[in-house]
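Q: Its first residue numbered 38, the sequence shown is counted upward by one per residue in my numbering.
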Amino acid sequence: MKLGDNLKELLEQHDMTQKQLALELDITPAALGNYIRNIREPDYITLIRIADYFHVSTDFLLSHKNNSPITSDEEMLLRVFRSLSADQKEIFIEQGKVFTRQNNKKLLTNT
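1) Could you give the residue range of the alpha helix (DSSP H) that holds D89?
2) Please state if the CB of L40 and the CB of Q55 are separated by a distance shorter than 8 Å.
3) Can you tell me which of the three DSSP states I107 falls into?
4) Please go through the same chain and pick out, in chain order, the residues whose beta-carbon is closer than 7 Å to the beta-carbon of F118, but skip the five residues on each side of it.
5) Under 8 Å, do Y90 and L44 count as touching if we go by C-beta distance?
6) What are the start and end residues of the alpha helix (DSSP H) that includes R138?
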């Protein structure tokens, strides 16, 4: 995936238009459109501002993969988690703990 594809995905996830994001980042809609269409790449500072705005890493935006064992599903969970309110995060964590306990019970009964 390229930067533009990742930006499109983030805009969809946050139900935002290109114009809204351009206003938030204080860049021109045309510049943002060029990033999304993979015609141009943002400068370093703009890349960081985009990452900070969406609470993702610059590595994610650039689709840079290091030797980290994190999967794309784990990346998606992190992006979803970061987009939640504090109350929603608590519920999300508690639900995850319930799934973990259920899985542990299944493992114990199968051994």
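All C-beta atoms in this analysis are idealised placements derived from N, C-alpha and C, irrespective of residue type, glycine included.
Note that this is a predicted model, so its numbers are computed, not measured.
A: The relevant details are as follows:
1) Taken as a continuous stretch (DSSP letters only), the alpha helix (DSSP H) holding D89 covers Y81 to F91.
2) No, they are not a contact pair.
3) Coil.
4) The residues are K126 and F129.
5) In this structure, L44 does not lie closer than 8 Å to Y90 by Cβ.
6) Run containing R138: A123 to T146, per the alpha helix (DSSP H) assignment.
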